[in-house]
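Here's the structure we're looking at; comments come further down.
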Amino acid sequence: MVTKALDPKHKVSIAVVGKYIGHQDAYKSIYEALAHAGIDNDCRIEIKRMDSEDLEKGSIEKSLQDICGILVPGGFGYRGIEGKIKAIKFARVNKIPFLGLCLGMHFWQIQSLRTAYPGKALKKGSYSL
Numbered sequence: 020m021v022t023k024a025l026d027p028k029h030k031v032s033i034a035v036v037g038k039y040i041g042h043q044d045a046y047k048s049i050y051e052a053l054a055h056a057g058i059d060n061d062c063r064i065e066i067k068r069m070d071s072e073d074l075e076k077g078s079i080e081k082s083l084q085d086i087c088g089i090l091v092p093g094g095f096g097y098r099g100i101e102g103k104i105k106a107i108k109f110a111r112v113n114k115i116p117f118l119g120l121c122l123g124m125h126f127w128q129i130q131s132l133r134t135a136y137p138g139k140a141l142k143k144g145s146y147s148l
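Counting from 20, one number per residue, gives the positions in the sequence shown under this note's numbering.
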């Protein structure tokens with residue numbers, strides 16, 4: 020087990036998209052869970068912290084290139100929502116594995132409805148949390 024932890028055979032890059040990325044411990048349990056999953060699978064998990072507000076402002080293709088998976092954690096409030104939804108759409112369009120936790124899965128549903136019913140479903144600011 021120590022060898023798996025210190026010298027894993029594989030490497031995976033996961034983007035964690037949230038609005039509290041600047042706070043080291045904000046998603047601590049998620050980072051620890053990913054690290055333990057990596058050890059169990061003989062894989063080093065490289066976490067790329069992505070601020071959802073920054074993703075709202077422009078193109079996300081460059082920010083999320085070379086990502087193996089995207090995780091959107093739970094949260095609350097309206098700040099950064101559209102950046103999270105853009106990351107989820109990027110995952111869907113590019114066939115990148117996605118995991119939404121709590122509100123992150125709700126945003127997946129919003130993005131799915133926008134795709135299925137363009138121009139009709141849950142436009143920016145039309146949802147309540």
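The beta carbon of each residue, even a glycine, is placed where N, CA and C say it ideally should be.
Model, not experiment: these values are computed from the prediction.
Residue i (DSSP reduced to helix, strand or coil)
| i | result |
| --- | --- |
| R111 | helix |
| K103 | helix |
| S82 | coil |
| K47 | helix |
| K23 | helix |
| G41 | coil |
| G57 | helix |
Span of the alpha helix (DSSP H) around residue i
| i | result |
| --- | --- |
| G123 | L122 to A135 |
Cβ neighbour criterion (16 or more within 10 Å) applied to residue i
| i | result |
| --- | --- |
| K47 | exposed |
| V36 | buried |
| A110 | buried |
| K139 | exposed |
| A56 | exposed |
| L132 | exposed |
| K30 | exposed |
Bounding residues of the beta strand (DSSP E) (the contiguous stretch that carries residue i)
| i | result |
| --- | --- |
| K67 | C62 to D70 |
Bridge partners - residue i, DSSP secondary structure assignment
| i | result |
| --- | --- |
| L90 | V35 and L118 |
| K76 | In DSSP, K76 forms no bridge with anything. |
| H29 | C62 |
Any chain C beta carbon closer than 7 Å to residue i
| i | result |
| --- | --- |
| D44 | Among the chains of the structure shown, chain C does not appear; only one protein chain is present. |
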